[in-house]
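Heads up, the sequence shown is in our numbering, so the first residue is 187 and it goes up one at a time.
For every residue, glycine included, the Cβ atom is placed at its ideal position computed from N, Cα and C.
The structure presented is a predicted model; accordingly, all values stated were derived computationally and were not measured.
Heads up, the thing below is written out as structure tokens.
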Amino acid sequence: MTPPLTNPAHAGTVLVVGGTGLLGRRFITAALAAGYTIRCTLRGEAPAWLRACEGEQLDTMAWKGGDNPLPSDVWDGVESVVNLAGASIADGRWTSGRKQVLRDSRLATTRSIVQGMARQSHLRTLINASGVAIYGLHASGADEESPPQRDHFLAELAGDWEAEAQAAPQRVVLLRLGLVVAPSGGAMEKIVPRWLPRLTPLVPLGHGRQGVSWIHIDDAVAMILAAIANERWRGAVNAVAPEPVDNGHFTQVAAGVSGHPYIGIGVPRLALKAALGQQSALVLADSWVYPMRPKAWGFVHRYPHIHQALQAWWDERRHDATSTNAVQ
């Protein structure tokens, strides 16, 4: 069984960095429901959904991230830190300047967090995001014991990011995330954009045989909660579903649940490389990664199969669209 959540009567305070993003929003909502108190750092103004949550169980503090030290009072009562900070790897061309932003938003921010944690004796845990890109462009049958690679920018970025997190003196969990299946934003918004006409077909990328290691966002959140509550969770953790699939199958199932036609003739790899440059690795990397440690620790996925996950994704997206239209 999945490790039980902390009893709300004894739930502690969690500092969340990067809490306004796709995964952060979902995690904060679930953690509040589980009885945790949340302190969330913000680079700017709080979004409306976060302001609506503020109260006895949630407060926010301004922090710009990067090399800036965290305010000393941010640590008051905090037992665990969840670090999801980082500029989106899918937004913008990977110019040298953009690569530096991707690095600084992860490495420098994590370094500042770890430096602050080193002075806090009451802190117990750091949950730090990472990615399955650490296994390289050709990850066939990779699990947590597989060696990290440095054959691509994303692999180097993930490895350097993890190195910063591992400097923390407390228990560290490195959450190596696959493609997150979520109804709003993220990779799914690029695979099946909301504006895409229903009769527009979906097609594989490249030959379509490259592996896709994925996870439903609710399972990713459940892993974070399990990692906070269970001292056994430590080190690298593959936050992926137990059944990776190839890109063609992923696309075909996405087309089926969303009502789009599917054509099995893919976008040529050379065309993708010409158009995207190094960013083509986001869609062409062959990623077959397995969650051996979560399985050994008793974690049970709510969405182990791709059809289940994508059906839930589509149902929630339709519900969100219906709710939005009803309000307007």
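Can you check which of these residues, the options, is closest to residue i by C-alpha distance?
{"i": "PRO477", "options": "ALA471, LEU470 and HIS487", "result": "HIS487"}
{"i": "ALA273", "options": "LEU208, ARG237, TYR448 and CYS239", "result": "LEU208"}
{"i": "ASP506", "options": "ARG380, LEU388 and TYR448", "result": "ARG380"}
{"i": "GLY345", "options": "ARG289, GLY230 and TYR489", "result": "ARG289"}
{"i": "ALA373", "options": "HIS402, GLN356 and PRO387", "result": "HIS402"}
{"i": "ARG279", "options": "ASP501, VAL378, VAL367 and LYS459", "result": "LYS459"}
{"i": "GLY421", "options": "ARG357, PRO387 and TRP474", "result": "ARG357"}
{"i": "GLY263", "options": "GLN352, GLN465 and MET303", "result": "MET303"}
{"i": "VAL556", "options": "ASN416, ASP259, LEU388 and ASP404", "result": "The question about residue 556 has no answer, for the chain in this structure spans 187 to 514."}
{"i": "GLY210", "options": "ASP404, ASN424 and LYS481", "result": "ASP404"}
{"i": "LYS481", "options": "ASN424, HIS491 and ILE214", "result": "ASN424"}
{"i": "ASN416", "options": "ALA353, TRP261, PHE485 and ARG503", "result": "PHE485"}
{"i": "HIS308", "options": "GLY327, TRP261, GLU331 and GLY317", "result": "TRP261"}
{"i": "VAL475", "options": "ARG212, SER291, ASP259 and VAL318", "result": "VAL318"}
From residue i to residue j, what does the alpha carbon distance come to, in whole angstroms?
{"i": "THR519", "j": "GLY463", "result": "No answer is possible for residue 519: the residues shown for the chain start at 187 and end at 514."}
{"i": "ALA248", "j": "THR227", "result": "6 angstroms"}
{"i": "LEU224", "j": "ALA238", "result": "Before going on, a small fix: residue 224 reads as Ile here, not Leu. Each residue's alpha carbon lies about 13 angstroms from the other."}
{"i": "HIS338", "j": "VAL426", "result": "21 angstroms"}
{"i": "THR192", "j": "GLY221", "result": "Confidence at THR192 is low in this model, with a pLDDT of 46, below 50, so the placement of that residue is unreliable and no value is reported for it."}
{"i": "VAL469", "j": "GLY252", "result": "29 angstroms"}
{"i": "ALA461", "j": "VAL453", "result": "11 angstroms"}
{"i": "THR295", "j": "ASP472", "result": "29 angstroms"}
{"i": "TRP419", "j": "TRP483", "result": "8 angstroms"}
{"i": "GLY450", "j": "TRP500", "result": "21 angstroms"}
{"i": "PRO428", "j": "ASP329", "result": "11 angstroms"}
{"i": "ALA271", "j": "PRO355", "result": "20 angstroms"}
{"i": "ALA217", "j": "ILE320", "result": "28 angstroms"}
{"i": "TYR448", "j": "ALA325", "result": "27 angstroms"}
{"i": "PRO390", "j": "ALA197", "result": "44 angstroms"}
{"i": "ARG503", "j": "PHE436", "result": "17 angstroms"}
{"i": "THR188", "j": "ALA457", "result": "Interpretation of THR188 is limited by its pLDDT of 43, a score under 50 that renders its predicted location unreliable; no figure is taken from the coordinates."}
{"i": "ILE414", "j": "ARG384", "result": "41 angstroms"}
{"i": "VAL200", "j": "SER298", "result": "17 angstroms"}
{"i": "GLN514", "j": "SER282", "result": "Summary for GLN514: the model assigns pLDDT 46, below 50, so the residue's position carries little reliability; its value from the coordinates is reported in the next sentence. If I take the Cα positions, the gap works out to 42 angstroms."}
{"i": "ARG229", "j": "SER291", "result": "11 angstroms"}
{"i": "ALA195", "j": "TYR489", "result": "Here ALA195 scores only 45 on pLDDT, less than 50, and its place in the model is too uncertain to base an answer on."}
{"i": "GLN465", "j": "GLN243", "result": "40 angstroms"}
{"i": "HIS491", "j": "GLY394", "result": "19 angstroms"}
{"i": "GLY241", "j": "GLN286", "result": "36 angstroms"}
{"i": "GLY327", "j": "ALA406", "result": "20 angstroms"}
{"i": "ARG212", "j": "LYS250", "result": "22 angstroms"}
{"i": "THR386", "j": "LEU365", "result": "23 angstroms"}
{"i": "ASP259", "j": "ILE313", "result": "20 angstroms"}
{"i": "SER332", "j": "ARG284", "result": "29 angstroms"}
Throw me the rounded Cβ distance for the residue i and residue j pair, which I believe falls under 8 angstroms.
{"i": "ALA315", "j": "LYS376", "result": "Actually they do not touch by this definition, with Cβ atoms about 19 angstroms apart."}
{"i": "THR311", "j": "SER370", "result": "That pair is no contact at about 28 angstroms."}
{"i": "VAL202", "j": "VAL268", "result": "5 angstroms"}
{"i": "ARG455", "j": "GLY392", "result": "4 angstroms"}
{"i": "LEU335", "j": "GLY322", "result": "First, the amino acid is wrong: residue 335 is Gln here, not Leu. Confirmed, about 3 angstroms."}
{"i": "LEU293", "j": "GLU348", "result": "The pair is not a contact, with the Cβ atoms about 10 angstroms apart (cut-off 8 angstroms)."}
{"i": "ALA467", "j": "LEU340", "result": "6 angstroms"}
{"i": "VAL300", "j": "ALA219", "result": "The Cβ separation is near 29 angstroms, so there is no contact."}
{"i": "GLY205", "j": "ILE214", "result": "5 angstroms"}
Counting contacts by CB-CB distance shorter than 8 angstroms, is residue i in contact with chain D?
{"i": "VAL443", "result": "The chain inventory of the structure shown lacks chain D, comprising one protein chain alone."}
(request) Determine, using beta-carbon pairs with one atom in the stretch 435 to 454 and one in the stretch 487 to 499, whether at least three such pairs fall under 8 angstroms. (result) yes
(request) Give a yes or no on contact between the stretch 385 to 404 and the stretch 429 to 436, applying the rule of three or more CB pairs nearer than 8 angstroms. (result) yes
(message) Ignoring anything shorter than 4 residues, give me the alpha helix (DSSP H) runs that lie fully in the stretch 338 to 398, in order along the chain.
(response) 339 to 351 and 372 to 377
(message) Three Cβ pairs or more, each shorter than 8 angstroms: is that satisfied between the stretch 404 to 423 and the stretch 348 to 363?
(response) yes
(message) Please give the ranges of any beta strand (DSSP E) in the stretch 259 to 322, keeping only runs that are unbroken, at least 3 residues long and fully inside the region.
(response) 264 to 269 and 311 to 317
(message) Closer than 8 angstroms is the cut-off here; do at least three beta carbon pairs connect the stretch 254 to 266 with the stretch 229 to 237?
(response) no
(request) Would you mind listing the alpha helix (DSSP H) stretches within the stretch 448 to 510 that are 4+ residues and don't spill past its ends, in chain order? (result) 455 to 462, 467 to 470 and 478 to 482
(request) Enumerate, from N- to C-terminal direction, the unbroken alpha helix (DSSP H) stretches of 4 or more residues contained entirely within the stretch 204 to 245. (result) 208 to 219 and 234 to 239
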